[in-house]
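Comments concern the structure below.
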């Protein structure tokens, strides 16, 4: 068995180049072997900065490189399908950033390619590797809260991304772009969701409405088991990045999340104040690292992936149904 | 103008007798003049204990008593209508505990009687008088969070009441019996609700399902303004009584609530723990007092009531639509 | 045995008149029978407002009144001695507000008078009746934290009282006027203090230095048992009234206190803020009531008082030694 | 100017080898060039694991290596002096882990060597680089709390180290071994300390007393400015690693610290609980990294060191005086 796997990272945007740096140094068992980016010069510059031996513009070259053991797919979502399928065909181990795909047909094709070629595939829902979310899973499995019966999860971005990004043809819309993590957690903790109902609007930023998306929405979930849930999404967190989840069980409740970044209280006349969490990177950096380490360890040890295509498809189906419900005004089956 | 009003309390259950004691001593401007309860001996015993001059078995006698200035209606809900209408006809000032009525036709009759006789009428939604909830209202009106766009409120009882009590023909069902406070807050902070959608089930206590009620439910709200909201109700709080509300605005958010009763942390090996709020009385005792003082002050000063029949009817209509939605599986207009 | 005791309150300042109102209505087993205050008209007005049958200017008349069962001593501290001794001679049950006395010789005389006449005497250290402080005592006795070995307590007033009040000849100085509660807790939880060492200064309000007092001070304690402690006192809390105590044991730690008055968080751009506790009355109102109810119940049931002269003297001795240490710059025996 | 400095780490214990790994990968501007450790094989193994080109057993060889630009001194404290003086003579930039030295004469010699050879020297008080502690410094300098007048700091280890380690001839005793960080913060925020007074004992672990040390202690500080402070040290945190600091100013207060490691609340019947911070490494990992990055950036940019020999000596003098006071029972000048 190999003791180190050679990683090739495809797509060097903000998170892709960050991952490349992680593989350089912070993740025992991995070596950054190759990087690729369609923008000329980007891969070369990152290779120089990190010492990665190979730099490509065309991802096909990276996928074809025999020195690459594993492909980490960090491209825009619409390219996930072709890169994953090519990497599977090339018999590489694959890590693919979330969301799996915006297109369920493509998702099925990806799942089929992974199965056909028998390659290792892991999907990137990093929240599952956050210490608090992971602890919640363990406590549920240990029976601490009895049977989980209500799931509630909130995601708030402090400010919205540029309106053009939000156009649903690009981002997939609020439920897919932002809610996918919550929909994944909804399944992970309580199982399959049967139907959803959404309300929402462009309430804080009317310009978001002009491109066909909403900035605040609420989706109720009905599980196959009869359990219920609600996902709350907001582009207008304003105070900060607010991620919190509650799982109500028959014997107790778990609450996950925090809203303070720096451990200092400022206490002035009649007031006590603290700062807030600015963004996803500050909140989840350790989870990203833990997730990638888990990927490496699984590949090296021949263990199955904890998050697979079916999870990406499962979350996506809920997000799509939630979007459909917003427009139909009716409960929609997942 | 009178400087003290003589109070008659009708219905001496747990909260009714507590109110009677409050009027005896803790509420400047009021004097407990009469009590009545249909159970023989109850009014007499309480009159003896509190020094109230008059004790009646039949509320009609209390309402007819010319020494009584104001009638405080604490009977079971199904009697609210006839007592309020009788008290209005007798030209008494009226305080009526929530919910106004389970029957909207009766609610309209109550409202009409109050209007016809020109009497003062105040409805008891005590949460509006809780310091934190009142502070939230002030901050919203002061523009601290901009325009409110999302309303979220959770009520959890630690344990359910006896199953027999929960029979919807008796209690009105979860949305009315327990959710009425949250539906009132929903209107108070953000205005009129246009439609609702509910999911729920007898998830923790199957026996609650056998009498036709649910123990956990989620209701999304769509406001006439386009704003959205969600109400979360649970009979299986288990850890304690959990009341929390969040109001998201375009410039900030308010979060109301707390989960610790006693200001002590117990810090033992690897763990820090505290107690929880046991019930509504511990959480809202001060709000009850503030509410009754407000009633007294309004009557004495000739000021309008801050909570009126229309508020009771407004909250009730949402609760009824929420119940309807649970059964229809569809969004229901309020 | 009597079922109600007739109370006479001597000294109708802010807290004295508040206590009188409590006895009127909120404390089962007590009846406000008489009030006295040396300021002409004060007792009469309060009697009129509360319905107390008797009003006196001279406390001797109240003490001599055979209809009074128990005397509650709320005068300025310098009169505690003579009122308590007179009440003891008149065979009244006695409740005396803290501090017992500024003068240890007088304290011994009070203790002797109580013993000689065999009367019930209870001293008012209300913090012992605060729910959190009482819970801490129970948890220690239940062995939750093992053997207590370090005691830390902090008292902060938001702003100082008028400088003239602070003149040590009047107030006794910071350690006595403000620290007496903490010194009592120090003894209550961990036993007798052997020696103390103080540092301090008029650091925030130089004018406090001009009358011979300090506005911030720290006193370390060495217990007879070898345990250690520190009391932190401040007249410059600024943010609010800050009372907190920590007890470190061999198996765990207890932390008592809170710094938020209203259960609401205001979350605006990059900041989350809440209010603070304004003063002792807001923090300890319930403790005052519980303490007086305990006094009444003890008198009615013939139970011994939980706080006696020796406790007042014990706390006072520490406060005096702490003051002496501040001036000597040396550790001082208690 | 160089853009990367070549680092040599001397002493590869737990923290030394961790630092070496940091220099390998997580600290832009640095390259791990050499490691040395007196234990045969340790340096070689770490060099193999990290790719460091050079491995030495004798630190003199590392110091003499012309390819090494900067020496990071991570040896046991008693060797700090000779390594720093040798590195200074070799004209290397130096980073030295705290404490500077147990011996003030040696400290003066180290300071003189650094000055004589004109080399860059930075001392490792990592708490100054913790986000919360750094934010506190900025807020004080920005005048947020007015003039700081009271300093309070607490350090609790969850459990004591082995008794043999605690022998004061080895560790320096509680005030030096554990308190040095708090004494440094005391100086950093409020300036020079004039005198101290300590109490303490082997209260939780009598065996610590048998080697001449204490496990709990309190030291009051009197500053040259008149300000006051208290340092609380404990080897019996039990619940976890507890680091908290409060700075009281004339216009407000800052509180630094937290006691929860994982962002999850476990809410079961009548109880809400969370975990605790296990140790210094979990609490301060980011501070260690920020500190080393600051060192690298300072060396590269030719900026002065923010923490120098005088700071190590200053903190040490307070710790020594605190130890002396514990034994003398008197206030001791620093």
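Residue numbers (the working numbering), protein chains in the order written: chain A, 3 to 336; chain B, 3 to 336; chain C, 3 to 336; chain D, 3 to 336. Heads up, the beta-carbon is just placed ideally off N, CA and C, and yes, glycines get one too.
So the candidates are 134(C), 266(C), 313(C) and 283(C); which of them puts its Cα closest to the Cα of residue 189(C)? 313(C)
Three Cβ pairs or more, each shorter than 8 Å: is that satisfied between the region 33-41 of chain A and the region 64-80 of chain A? yes
Could you check which residue in 33(D), 18(D) and 267(D) has the C-alpha nearest to that of residue 9(D)? 33(D)
With a threshold of 8 Å, are at least 3 pairs of Cβ atoms found where one atom belongs to the region 125-135 of chain C and the other to the region 178-192 of chain C? yes
Grab me the residues of residue 102(A)'s own chain with a C-beta within less than 7 Å of its C-beta, minus the 5 sequence neighbours each way, in chain order. 82, 109, 112, 125, 311, 314, 315 and 318
Residue 33(D): first and last residue of the uninterrupted alpha helix (DSSP H) it sits in: It is not in any alpha helix (DSSP H) - residue 33(D) instead sits in the beta strand (DSSP E) that spans 32-38.
Simplified DSSP state of residue 286(D), which is helix, strand or coil: Reduced to three states, the DSSP call for residue 286(D) is helix.
Ignore the nearest five residues each way along the sequence and tell me which others in residue 63(C)'s own chain have a CB closer than 8 Å to its CB. 38
Evaluate residue 167(D) with the Cβ neighbour count: other Cβ atoms within 10 Å of its Cβ, from every protein chain shown; 16 or more gives buried, anything less gives exposed. exposed
Return yes when the Cβ of residue 72(C) is within less than 8 Å of the Cβ of residue 57(C), no when it is not. no
What are the uninterrupted segments assigned as alpha helix (DSSP H) that are 4 or more residues long and contained completely in the region 117-172 of chain B, given in chain order? 133-143 and 165-168
What are the residues in the region 252-265 of chain B lying within 8 Å of chain D by C-beta distance? 261 and 262
If we cut at 8 Å on Cβ distances, does residue 281(D) have a partner in chain B? no
Limits of the unbroken alpha helix (DSSP H) element including residue 225(B): Segment 218-225 is the beta strand (DSSP E) holding residue 225(B); no alpha helix (DSSP H) there.
Could you round the C-beta distance between residue 94(B) and residue 70(B) to whole angstroms and report it? I think they count as a contact, below 8 Å. 6 Å
Work out the CA separation of residue 236(B) and residue 165(B) for me, nearest whole Å. 14 Å
Alpha carbon to alpha carbon, what distance is there between residue 198(B) and residue 335(B)? 6 Å
Verify the CB distance criterion: does residue 271(D) have a CB-CB separation below 8 Å to chain B? yes
Rounded separation between residue 170(B) and residue 331(B) - CA only: 18 Å
Take residue 292(D) as the anchor and find which of 222(D), 25(D) and 151(D) has the nearest alpha-carbon. 25(D)
Do residue 152(C) and residue 245(C) count as a contact pair if the criterion is CB distance below 8 Å? no
Quick check: the Cα distance between residue 241(B) and residue 258(A), rounded to an integer number of angstroms? 16 Å
Listing by chain order, which chain A residues have their CB less than 8 Å from the CB of residue 26(D)? 27
Within chain B, partners of residue 146(C) - CB distance below 9 Å: For the C-beta of residue 146(C), the chain B residues within less than 9 Å are, from N- to C-terminus, 268 and 270.
Supposed contact pair residue 238(B) and residue 220(B) - C-beta distance, whole angstroms, cut 8 Å: That belief does not hold up - the Cβ atoms of residue 220(B) and residue 238(B) are roughly 14 Å apart, past 8 Å.
Is it buried or exposed, residue 100(A), if we count other Cβ atoms within 10 angstroms and call 16 or more buried? buried
Where residue 245(B) meets chain D, residues with beta-carbon distance less than 9 Å: Here the premise fails: no neighbours, minimum Cβ distance about 14 Å.
Spatial neighbours of residue 254(D) in its chain, beta-carbon cut-off 8 Å, leaving aside the 5 residues before and after: 146, 147 and 148
Using the rule of at least 16 other Cβ atoms within 10 Å of the residue's Cβ for burial, across every protein chain shown, is residue 4(C) buried or exposed? exposed
In the DSSP assignment, the alpha helix (DSSP H) including residue 65(B) goes from what residue to what residue? 61-66
Please list, in chain order, the chain D residues whose beta carbon lies closer than 9 Å to that of residue 210(C). The contacting residues do not exist; residue 210(C) stays about 12 Å from chain D at best.
Pull up the distance between the alpha-carbon of residue 212(A) and that of residue 155(A), whole angstroms please. 27 Å
Where do the N-terminal and C-terminal ends of the beta strand (DSSP E) with residue 52(B) fall, by residue? Element bounds for residue 52(B): not the beta strand (DSSP E) but the alpha helix (DSSP H), 44-52.
Kindly list, in the order they appear in chain D, the residues whose Cβ is closer than 9 Å to that of residue 133(A). 263, 264, 265 and 266
Over the uninterrupted beta strand (DSSP E) stretch that includes residue 58(C), give me the two end residues. 56-58
According to DSSP, is residue 86(A) part of a helix, a strand, or is it coil? Helix.
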